[in-house]
Amino acid sequence: DVQLWISELSKGFSAKTVSNTYGLFSASVSLFQPDKVFRIKLPTKKKKREAGTASPQIMELFNKASPTLKICIALAAFGSLRRGEICALRFGDIDGNMLHVHADMVHGADGAWHYKETPKTSDSDRYVPLPLLVLDLIGEGDLDAFIIDWCPDTITKRFIDLRKQLGLTVRFHDLRSYYASIGAALIP
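To get our numbering, take the position in the sequence shown, counting from 1, and add 1305.
Okay, here's the thing in structure tokens:
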């Protein structure tokens, strides 16, 4: 009966929704009948995006972005930086064409964004070579000043607003995937 219910749900909902629904159901049943076990086959999750379609969208976003958002897009697409890492960058983190990624902007318990001296993971403390295009976009400034004076949520909001305006589907995280596929080949 439970498998039939899951199969019926699968006809009208995504695999993730069906999985989440079953998770809630399973947790509820185990609360009242801890020995009850179901062997259910859940629908498989499908990839929604094709990697090749992102490139033209990224270029269109880049070309139509404001100067500050253009820097954010370039740092993600050509340096594989996360939003929090972008917001934590200072001009002093650049040496020649090398960018030292060693800090993060994190959401604190108080609901505000805070500068954190260490990145998301220890592997995230890294040196990233940047193309001259990105260095030119960034320009120069006081070594202690932030390159981008935004919080990560502002990057997301501005990116989504531009994406909607242009009728595109690419996500900000897709910029890092773009870097993984072809961005690294563009470094001189």
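Beta carbons are placed, not taken as given, at the ideal position from N, Cα and C, and that holds for glycine.
For residue i, three-class secondary structure by DSSP
| i | result |
| --- | --- |
| F1337 | helix |
| H1478 | helix |
| A1356 | Note that A1356 scores 49 on pLDDT, short of 50, meaning its location in the model is unreliable; the coordinates nonetheless yield the value given after this. Three-state DSSP puts A1356 in a helix. |
| C1392 | helix |
| S1319 | coil |
| K1350 | coil |
Cutoff 6 Å; reference residue i; Cβ partners in own chain excluding five residues on either side
| i | result |
| --- | --- |
| H1407 | D1430 |
| P1348 | S1315, A1320 and V1323 |
| R1463 | L1374 |
N-terminal and C-terminal residue of the alpha helix (DSSP H) that residue i is part of
| i | result |
| --- | --- |
| R1344 | Counting along the chain, R1344 falls outside any alpha helix (DSSP H), and DSSP gives it neither H nor E. |
| L1380 | P1372 to G1384 |
| R1463 | P1457 to L1471 |
Close beta carbons around residue i, own chain, < 8 Å, minus the five adjacent residues each side
| i | result |
| --- | --- |
| G1446 | F1396 and I1452 |
| G1317 | none |
| T1326 | L1314 and F1318 |
| D1461 | According to the sequence as given, residue 1461 is Thr; it is not Asp. These residues qualify, in order along the chain: R1388 and F1477. |
Neighbourhood of residue i by C-beta distance below 7 Å, restricted to the same chain and skipping five residues each side
| i | result |
| --- | --- |
| P1457 | R1388, G1389, C1392, M1410 and W1418 |
| K1369 | L1467 and L1471 |
Whole alpha helix (DSSP H) elements within the segment 1394-1452, 4-residue minimum: 1437-1443
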